[in-house]
Amino acid sequence: MRTTIIALALIGAAFSPPPTALGAAVPFLGNTRNSVAFLGYTRNSVDVNLSLGQTQSKPVAGVPPLGKTTSNAVPAADRIGPFFEPLTSSLSNFSIPDNQGPDRWACSYIRGAVDTPDINGTSITIAKKSKRKPFSCGELVHIQRPQYGVYSVDMISTNVRGHVTGFFLIANGVSEIDVELTGLDSEAVWFNIWEGSKQNPVKIPLGFDAAKGFHNYQIEWRKDFIAWSVDGKQILKRSDINTVDPATNSYRLALNSWTTAVEENMWAGKFKWPGTPIRSQFRNLRYTP
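Residue numbers for the sequence shown, in mature numbering (1 follows the signal peptide of the UniProt record, and there is no 0): -23 to -1, 1 to 266.
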């Protein structure tokens, strides 16, 4: 994700911005740390619930995808049902890229960045093993093509500036739905929707440090709305941003860990090697229609 902050809006339990305004800063319950940052243009309804606290992580719903990310029709055979991937043993249902990765990243994908799963789940490590770029990073892509439904995963991020831990559904260049944790502020989460090359990110405080333990992050993707939940509690719902139909566009679902190449002060910052490898951890990936 790359962006420049356009505006900040500090929100209460629900916010419906006017169609031509980005909103203005207002106090939130006397607690300036609990701020929601809206980056981009919003049109209709945005509902935010900020009553998050220290809650126990529990698996909810998972993640899917792979395949060509063009607007070709998706074969009916690829539209299959729910799944659960513990990520504690086999990764046979995943593709692991080994390629350059986006130019704006300071790292390239290598298969060796995805560690062998164990009882704690699967880790993706940032290290200095790439022959293409200064750093190596990794991604897991599920073999099932996503459809509308509920996706969730348990994740642990880091507090290393410039490091991003991601969970997302993507039809390349057309549509994308993100959950991103950045090391610049490990006590917040970014929810984003891309429409082509335009993105609409929202930053929401978590009430806990995402780098210190597993928590569950969920995307509910429907034709008319997208809702994000943390530890089973819905905190953002949007019906103002369009996504393309998965029946006619090939999405994929991925988990990744990567590093920025440029300074992004209001988002992730610029990655600086901390001296030792760092890891994002994942477990309990689920999908239910």
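No residue lacks a Cβ here, since even glycine has one placed at the ideal position from N, Cα and C.
Rounded to the nearest angstrom, the Cβ distance from PHE191 to VAL179 is 23 Å, too far for a contact under 8 Å.
If you draw a straight line from the Cα of GLN195 to the Cα of LYS108, it is about 35 Å long. Going by beta carbons, GLY143 and GLU153 fall outside the 8 Å limit. Counting along the chain, the unbroken beta strand (DSSP E) around VAL141 starts and ends at 140 to 148. Rounded to the nearest whole angstrom, the CA to CA distance from PHE61 to ASN193 is 14 Å. In the same chain as LYS106, and ignoring 5 residues on each side of it, the C-beta atoms closer than 8 Å to its own belong to ILE87, GLY89, ALA90, SER113, in chain order. With contact defined as three or more Cβ pairs closer than 8 Å, the stretch 201 to 215 and the stretch 225 to 238 are not in contact.
Rounded to the nearest angstrom, the gap between the Cα atoms of PHE202 and SER129 is 16 Å.
Of the candidates ASP162, THR159, PHE145, VAL239, VAL239 places its Cα closest to the Cα of ASP80. Scanning ALA104, ASP75, ASN242 for the CA closest to the CA of GLY160 turns up ASN242.
If you draw a straight line from the Cα of ALA245 to the Cα of GLY139, it is about 5 Å long. Judged by DSSP in its simplified three-state form, ARG88 adopts helix. In the DSSP assignment, the residues bridged to THR265 are VAL127.
Judged by DSSP secondary structure, GLN211 falls within the beta strand (DSSP E) whose first and last residues are 210 to 215.
Cβ contact annotation for ILE96 (same chain, cutoff 8 Å, sequence separation greater than five): THR65, in chain order.
The residue among PRO59, ALA187, GLY58 with its C-alpha nearest the C-alpha of ILE133 is ALA187.
Boundaries of the beta strand (DSSP E) harbouring LYS180: 179 to 182, taken from the DSSP string. Judged by beta-carbon spacing, ALA165 lies within the 8 Å limit of PRO182, meaning their Cβ atoms are closer than that value.
The shortest CA-to-CA distance from CYS84 to any of VAL221, THR102, GLY98, PHE71 is the one to THR102. Separation of the CB atoms of VAL127 and PRO251 is rounded to 35 Å, and the pair is thereby denied contact status at 8 Å.
Under the three-state reduction of DSSP, VAL166 is assigned to strand.
Apart from sequence neighbours up to five positions away, the residues of its chain that approach GLU197 with a beta-carbon distance below 6 Å are VAL127, ALA204, ordered along the chain.
LYS200 sits away from TYR264, with the two beta carbons spaced by 8 Å or more. Ranked by Cα distance from ILE170, the options ASN149, SER257, SER67 are led by ASN149. A Cβ-Cβ distance of about 18 Å is found for the pair PRO63 and ARG256, leaving them out of contact under the 8 Å criterion.
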